[in-house]
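Below: one structure, written as structure tokens.
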Amino acid sequence: MRPGTQIRNFSIISHVDHGKSTLSDRILELTKAVDPRAMRAQYLDSMDIERERGITIKAQNVRVTWRGTTLHLIDTPGHVDFGYEVSRSLAACEGVVLLVDASQGIQAQTLANCYLAMEHDLAIVAVLNKIDLPAADPERCAAEIEQVLGIPAGEILHISAKTGDGVPELLDAVVARVPAPEGDSAAPLQALIFDSYYDQYRGVVSSIRVMAGVLSGRDKVRFMQAGIVHEVEEVGVRTPDPTPVPSLGPGEVGYLIANVRDVGEAKSGETVTLASHPAGEPLAGYLEPKPMVFCGLYPIDGDSFEDLREALQKLRLNDSSFTYEPETSSALGFGFRCGFLGLLHMEIVRERLEREFNLELIATAPSVAYMAYLTSGSSQRVDNPNALPPPNNLERVEEPYLTTTIISPAEYTGTILDLCQSRRGEMQRMEYLSPERVEIVYRVPLAELVIDFFDQLKGRTKGYASLDYEPAGYAPSQLVRVDVLLNGMPVDAFSSIVHKDKSESYGRKMTAKLRELIPRQAYDVPIQAAIGSRIIARETVKAYRKDVIAKCYGGDITRKRKLLEAQKEGKKRMKAIGRVEVPQEAFVSALRLED
């Protein structure tokens, strides 16, 4: 029998909250991969943060056996910020299970993930989940899938991942419809690393998919892009607990430990081959994801800077979709400018740094990357508001746009159009998927989307609308930098690039918020928002007033006057040399302006 004929590699993809992790739980139970006493909900979600939020952040793989066939299952995230995890997982598969909630129907991420699978030429097994819900309408949803994705309604399976109803039939369909992996065991070894994490005792542990050849324990292997050679310490499979095996053949998915200590050597997309008999060329890796949202991360304690650098290196191994580079701020000291795929991604990375590496961090306000074209004819990328050149050197500033796809019940069309227009959106098209559901496509500036667009959309549509987006290039815009001055001195951490029309309201909001947060000094502290040299908003933190004339009773007014004048002079001198200390809590609260 040809190697790999009894193997099926598949991924579960869907919109957020359509039941991927629950289906994975049922498959683990049904194939008896997990002892019933050890079983728990969201079994494959290993991070505390995933279990608390009820979402999958990292793709997880597991090997199970069903009626004599080995199944490699990869459970993927659903949120749009983690689409990169999905695309990496699909490179290790031959087929996907496309899960659709039978009460909600097709959502924006369903479409995005399905198109990703089609681009990879994968077999698609369409499944309607949650048929046990009273609100389920499988016939309507099946007709919608047939109309929008062209998958015949007769081929769509009906299951309930919660009760396990229909899951055996789904596994049979996977075996029947997903092709077996190709690959020659006699060819030179080619194995693709699709994920890694750092173990402090064993070094880098990489998830790999063998495309051709055989990988055995104690082999000397070459990492082709890094150009280094290591000896294999252990190869194994996750069942779901890590289990060592003698070797992995073509089509098999497992893990590799090769005593790699430098986290930069075993990146995702790396090709592993034998040092003695190397492959001619590496496998096509992954496109580097482009960060869309930027913020500064600074340790609260300046001595923790090196700890933060080390933590970022280790975390980047496990999540290569964020970037970081050192930066300094006069207000916050030394830190890193980090780039993320979205706001949720930013929150998760920050929370993982704090939990997994015991760091205390301040994050500056999120910003996006602008293109500044100078009067000298050159251009520069600006991902930090403080790097924007002065207005007299600027010819124009361009900002990034996104094409956003919103799918919603038709009754909310008006409120969605109103939201998109208020965020400077331009409508591209609107079409009805069915009489009750509408697809609206807008071109919206990324800066308008990163803050609270998703929350507003969910609020206005009672949670029924879904959102997907993709980059749509740059376009010129009227943008200005708003600086915040305390006692006449600019505080770089509070600077922000905003649209000219919204600059005054932003300035007023920021100064009002800071007035509440900055403690009173012995002198008046003016808080100003400025564009260049023009002040657009001002608030004042009033001084403490020490009653210097308390000891004067009755008598001549000139004595009181003299004491008050002396106090006034003292305050003037203090104000001239005084630096306003901004407490850390004020930074944290003020940079969450949107709250």
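When you line the sequence shown up against our numbering, it's residues 1 to 595, in that order. Every residue, glycine too, gets a C-beta built ideally from N, C-alpha and C.
Option in the options with minimal Cα separation from residue i
i    : options                   : result
N392 : R460, L374 and I536       : L374
S185 : D165, S247 and M346       : S247
R429 : Q104, P299 and I406       : I406
A365 : A447, T163 and D303       : A447
V177 : I156, N384 and L308       : In the sequence on display, residue 177 carries Arg and not Val. For the residues I156, N384 and L308, the minimum Cα distance to R177 belongs to I156.
L149 : A126, D137 and P134       : A126
L361 : G302, A387 and E270       : G302
P389 : G333, E569, I531 and R515 : I531
N259 : A187, L283 and F223       : F223
E539 : L23, Y523 and T511        : T511
Q190 : V253, A142 and V204       : V253
S505 : A92, A529, D524 and P490  : A529
D383 : I497, E146 and Y255       : I497
S207 : N358, L23 and P242        : P242
L128 : Q147, Q104 and E119       : Q104
A472 : N487, D172, T403 and I440 : T403
Y432 : I106, L274 and K162       : I106
G249 : L341, V214 and R202       : V214
R337 : D121, F305, P526 and N358 : F305
A387 : R352, A493 and A410       : A493
A369 : L192, A153, L341 and Q6   : L341
D17  : G154, Q6, K162 and L28    : K162
V175 : G236, I124, R350 and D501 : I124
Proximity test, residue i beta-carbon vs the ligand COA heavy atom, cut-off 8 Å
i    : result
C141 : With respect to the ligand COA, the structure shown offers nothing to examine, as it has no ligands at all.
Cβ-based burial, residue i [other Cβ within 10 Å; buried from 16]
i    : result
Q421 : exposed
P33  : The sequence shown places Ala at residue 33, not Pro. Label assigned to A33: buried.
H277 : exposed
I557 : exposed
I535 : exposed
K267 : buried
M1   : At M1, the pLDDT of 34 sits below 50, so the modelled position is not reliable and the matter cannot be decided from this model.
T271 : buried
Y401 : buried
D219 : buried
E144 : buried
E594 : Residue placement at E594 cannot be trusted, given a pLDDT of 46 that sits under 50; what the coordinates show is reported in the next sentence. Exposed: under 16 other Cβ atoms inside 10 Å.
D25  : buried
S160 : buried
S378 : exposed
P181 : buried
D452 : exposed
S89  : buried
Q109 : buried
A284 : exposed
S367 : buried
E119 : exposed
Y553 : exposed
G19  : buried
L274 : buried
P3   : In this prediction, P3 has a pLDDT of 47, which is less than 50 and means its spatial position is unreliable; what the coordinates show is noted afterwards. Flag for P3 reads buried.
One or two residues paired with residue i in a DSSP bridge
i    : result
D165 : S160
M371 : R381 and E398
D524 : DSSP output for D524 lists no bridge partner at all.
Y442 : T404 and M427
L99  : S14 and V127
S466 : I407
V62  : L73
T243 : V237
Whole-Å CB distance - residue i paired with residue j, under 8 Å assumed
i    : j    : result
I257 : E231 : About 10 Å; that fails the 8 Å criterion.
R238 : R63  : 6 Å
P445 : E399 : 5 Å
S14  : L98  : 7 Å
V438 : S408 : 6 Å
G414 : R443 : Not a contact, Cβ separation roughly 19 Å.
G335 : Y298 : 3 Å
K542 : R508 : That pair is no contact at about 18 Å.
A92  : R209 : 4 Å
A102 : L133 : 7 Å
S477 : V397 : 7 Å
Test: residue i CB closer than 9 Å to a CB of chain C
i    : result
L341 : In the structure shown, chain C does not exist; there is a single protein chain.
Contact between the segment 166-182 and the segment 113-121: three or more CB pairs below 8 Å? no
Using 8 Å as the cut-off, can you tell me whether the segment 315-330 makes contact with the segment 474-485, which would need three or more C-beta pairs spanning the two stretches below that distance? no
Check whether the segment 458-473 touches the segment 325-336, counting contact only when three or more Cβ pairs, one atom from each stretch, lie closer than 8 Å. no
Could you tell me whether the segment 132-141 touches the segment 182-202, where touching means 3 or more Cβ pairs closer than 8 Å? no
Quick one: any contact between the segment 290-301 and the segment 330-350, if contact means 3 or more CB pairs under 8 Å? yes
Is there contact between the segment 63-73 and the segment 6-17, where contact requires at least three CB pairs shorter than 8 Å? yes
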